[in-house]
Amino acid sequence: MTYNELFEQVKKKKSFLCVGLDSDIKKIPQHLMDAEDPVFEFNKAIVDATADVAIAYKPNIAFYESRGVEGWITLEKTVKYIKSTYPEIFTIADAKRGDIGNTSEMYARAFLETLEFDSITVAPYMGEDSVTPFLKYEGKWVILLALTSNKGAFDFQFFEENGEKLYERVLHKSQEWGNDRNMMYVVGATKAEMLSGIRDIVPNHFLLVPGVGAQGGSLEEVAKYGMNAHCGLIVNSSRGIIFADKTENFATRAREEAVKLQQQMAELLAARGII
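Per the numbering used here: the sequence shown = residues 210 to 484.
This is the structure we're talking about:
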């Protein structure tokens with residue numbers, strides 16, 4: 210998927226919503242447990258209920274890996290279903306991979322070739338040769354961890370040397386490896402006020418912003434500090450949408466929560482003259 214195709218979807222749907230498929234089998238509605246593949250049926254229902262207001266889906270790979278072979282089968286079926294039924298929607302493998310070059314090549318093949326995701330989240334700690342294997346795939350995206358929402362972000366990401374914080378170093382250095390047509394950055398919504406400074410460094414890149422909703426991030430603050438002329442934001446909500454209800458009405462409630470966010474997003478896009 211190209212930069213322009215992603216932006217066109219933002220304008221068409223008046224949305225920059227990503228639905229996180231953090232589909233914990235212990236949290237899905239009990240009535241689905243009689244199905245052959247309960248998590249796939251859950252994912253399929255969530256996707257069908259929200260596809261007209263979401264521009265992206267982001268399965269968190271840990272929730273699938275934890276179930277062994279069954280989980281990988283569910284993941285593959287989920288991605289194939291999204292790509293065959295809603296091919297315009299951006300898919301993100303939230304895998305946070307990053308290892309020495311030949312290992313990264315295998316991770317890239319697994320997620321971008323075998324599973325056919327449009328993008329993958331990558332940890333930059335091991336540097337250029339651990340990231341560039343993911344950038345070899347035409348039309349695919351690397352989403353590099355820059356500034357995260359968790360408490361432990363302060364352990365390393367804010368380390369400062371010569372007036373430059375570590376996450377700023379990541380933003381600066383990584384632009385030597387990729388560009389705004391094949392690289393995005395993860396920036397946590399709970400640090401929204403820092404998006405302005407990040408935009409000074411990467412004005413044109415898309416930013417994947419988790420932490421809105423259950424984690425307490427403010428959509429308005431994210432848009433205020435992070436939106437650019439092409440929107441430039443993919444804002445993720447997971448638990449607040451997919452686990453809004455645990456009864457047979459779960460998909461309807463998920464849609465209601467997704468639509469609430471989409472309507473807020475439409476207002477923010479209109480206020481900036483993007484739609």
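Virtual Cβ for every residue (Gly too), placed ideally from N, Cα, C.
Membership of Trp281 in the alpha helix (DSSP H) is indicated by the continuous run Gly277 to Thr294. Less than 8 Å separates the beta-carbon of Gly435 from that of Arg408. Between the region 248-266 and the region 300-308, the count of Cβ pairs shorter than 8 Å is three or higher; the stretches touch. When DSSP states are grouped into helix, strand and coil, Ala302 belongs to the strand group. Going by DSSP, Thr330 is part of the beta strand (DSSP E) stretching over Ser328 to Val331. Excluding its 5 nearest sequence neighbours in each direction, Phe365 has C-beta neighbours in its own chain below 8 Å: Leu375, listed in chain order.
Taking 8 Å as the cut-off, the beta carbon of Val288 is found closer than this to the beta carbon of Glu325. Distance between Glu279 and Asp338, taken at the CA atoms: about 32 Å. Distance from the CA of Gly482 to the CA of Ser224, rounded to the nearest whole angstrom, comes to 14 Å. Residues of the same chain with a CB within less than 7 Å of the CB of Glu377, apart from the 5 flanking positions on each side, are Ile410 in chain order. With fewer than 16 other Cβ atoms from the protein chains shown falling within 10 Å of its own Cβ, Ser275 counts as exposed.
Under the three-state reduction of DSSP output, Asn311 falls in the helix class. Judged by their CB atoms, Phe343 and Ser383 are not nearer to each other than the 8 Å cut-off.
When the beta-carbon positions are compared, Val421 and Val444 come within less than 8 Å of each other.
In terms of CA proximity to Met474, Lys222 leads the group Asn213, Lys222 and Thr211. For Glu377, the three-state secondary structure derived from DSSP is helix. Of the residues Thr399, Lys349 and Glu430, the one whose Cα lies closest to the Cα of Met392 is Lys349. In the three-state DSSP reduction, Glu465 falls in the helix class (H, G or I). Buried is the label assigned to Ile352, since at least 16 other Cβ atoms lie within 10 Å of its Cβ.
Going by beta carbons, Leu226 and Phe415 fall outside the 8 Å limit.
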